[in-house]
């Protein structure tokens, strides 16, 4: 097959040498200038802003004084080295504005360090994302979401769609693509709306790539001294080709390949092909081309998508290439999915916010009950000790023989072990210095 003949000639020349922002021809970028100001896929009702703001009417949150509450929670962490998940959730949902976002980040980080991170309420990530998004702190928000080990904030389907829609409205296509990459890293494509928005976000990032600083793994400082450390075994270098990915081109490519497999039709096949190429999995590109060309008669790909592969793919049958506009086809696909799923998503999320309010009250009552039981247990133990001491004092003479026997047994045990009380003596009084006589001359 001609595809196989060309593969050996061009794979080494094009498998990673082109820069990410230059992967698409300039022709596409000029074509896109007139269609970037498009309709938005999600309506303002999707944010459920009224229901979200209604949480502040809760008497529970109205009692939270943020400065004092943060001081108390931090003091609890300093003494016990862990904080309660309900405390963090109360603080996160009581925040208004951008004034206490640093304190919120600090509490989320400390929560992650302890075992109570398993009790994190579902409303905590929603509150954190909404506050940072409203404050315009996009870089900090993406840093927190990408640092899953230290913060443990995993956006669900709703919040991922909310983020991608907000970034697309701001024309911050790189940030929207990073949210889509988060879904790829979790390998979670069960929600169709999230899948289509992730595809569109990566598509727009390819059209207008922004600044995407690759995550750098910090290296220990080199002071020039050779340090030898004894270890039980040597860990061989390992690259998992998933969580270890740092190159934005590879991340977007793997996301497109995963999303394209979920989207039916020529749109999904086109982006799956582009994704494998960006991901530099040329064997998958060839296998997909051979499979599709051999078994399909209708149009398989869009012409614009194949321009990405112009340095690799030269020979495809004309009747298997759709010459329609890829951007418009993708927009139509995503818009149709948004119209289909948005109403049910809004109703479901509004119900979730109301249910989370009751869950917050329930968790707080459970924690207060547990704290009360612990306090009562300590009080009972202290009272029991006081009663025992009082009983010994009252019945001392009645039990005098028993005390004497116990004291005698203790003395015998001490003698058996060679432990005896020794009286200190003042040797300075009994010491007589020797008489020193002068030698005779």
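In this note's numbering, the protein residues as written are 1 to 441. Idealized CB from N, CA, C, for every residue including glycine.
For residue 143, the enclosing alpha helix (DSSP H) has its first and last residue at 138–146.
Considering only 92, 88, 65, the residue with the shortest C-alpha distance to residue 52 is 92. In chain order, 161, 164 place their CB closer than 6 Å to the CB of residue 197, counting only its own chain and leaving out the 5 sequence neighbours on each side. Around the Cβ of residue 387, a 10 Å sphere holds fewer than 16 other Cβ atoms; the residue is exposed.
Straight-line measurement puts the Cα of residue 391 at about 51 Å from the Cα of residue 94. Beta-carbon to beta-carbon, residue 157 and residue 194 are separated by about 5 Å, close enough to satisfy the 8 Å threshold.
A Cβ-Cβ contact shorter than 8 Å links residue 269 with residue 260. DSSP places residue 344 in the uninterrupted alpha helix (DSSP H) bounded by 326–394. Only residues of its own chain outside the window of five on either side were considered, and among them 138, 142, 167 have a CB closer than 7 Å to the CB of residue 175, listed in chain order. Assignment of alpha helix (DSSP H) within the region 54–94, counting only whole runs of 4 or more residues, yields 59–62, 66–80, 85–94 in chain order.
Linking residue 336 to residue 265 through their CA atoms gives a straight-line distance of about 14 Å. Put simply, the backbone Cα of residue 184 is about 59 Å away from that of residue 384.
Closest by C-alpha distance to residue 200, out of 58, 230, 338, 378, is 338. Take the alpha-carbon of residue 255 and the one of residue 271: they are about 10 Å apart.
If you draw a 10 Å sphere on the C-beta of residue 86, you find 16 or more other C-beta atoms in it, and that means buried. Burial is judged here by how many other beta carbons sit within 10 angstroms of a residue's own beta carbon; residue 110 has at least 16 and is buried. In the DSSP assignment, residue 164 falls within the alpha helix (DSSP H) that extends over 157–169. For residue 201, the enclosing alpha helix (DSSP H) stretches over residues 192–207. Taking C-alpha positions only, residue 366 is separated from residue 144 by approximately 29 Å. A direct Cα-to-Cα measurement between residue 107 and residue 364 gives close to 17 Å. One Cα belongs to residue 395, the other to residue 405, and the distance between them is close to 16 Å. Counting along the chain, residue 228 sits inside no alpha helix (DSSP H), nor does DSSP assign it H or E at all. Secondary structure at residue 287: helix, using DSSP grouped into helix, strand and coil.
Residue burial is scored here from C-beta neighbours: residue 277 has at least 16 other C-beta atoms within 10 angstroms and is therefore classed as buried. Sixteen is the threshold: when 16 or more other Cβ atoms of the shown chains lie within 10 Å of the Cβ of residue 131, as they do, the residue is buried.
For residue 264, no alpha helix (DSSP H) encloses it, and the DSSP letter there is neither H nor E. For a cut-off of 8 Å, the C-beta gap from residue 180 to residue 202 is around 5 Å, short enough to register as a contact.
Using a 10 angstroms sphere on the CB of residue 182, the tally of other CB atoms reaches 16 or more, which defines it as buried. Pairing residue 329 with residue 151, the inter-Cα distance amounts to about 38 Å. In this structure the region 41–60 lies against the region 345–358, because at least three pairs of beta carbons, one per stretch, are closer than 8 Å.
The beta carbons of residue 189 and residue 284 sit no closer together than 8 Å.
Between residue 116 and residue 89, the CB-CB gap reaches or exceeds 8 Å.
A straight line joining the alpha-carbon of residue 399 with that of residue 409 spans about 16 Å. Using a 10 angstroms sphere on the CB of residue 41, the tally of other CB atoms reaches 16 or more, which defines it as buried.
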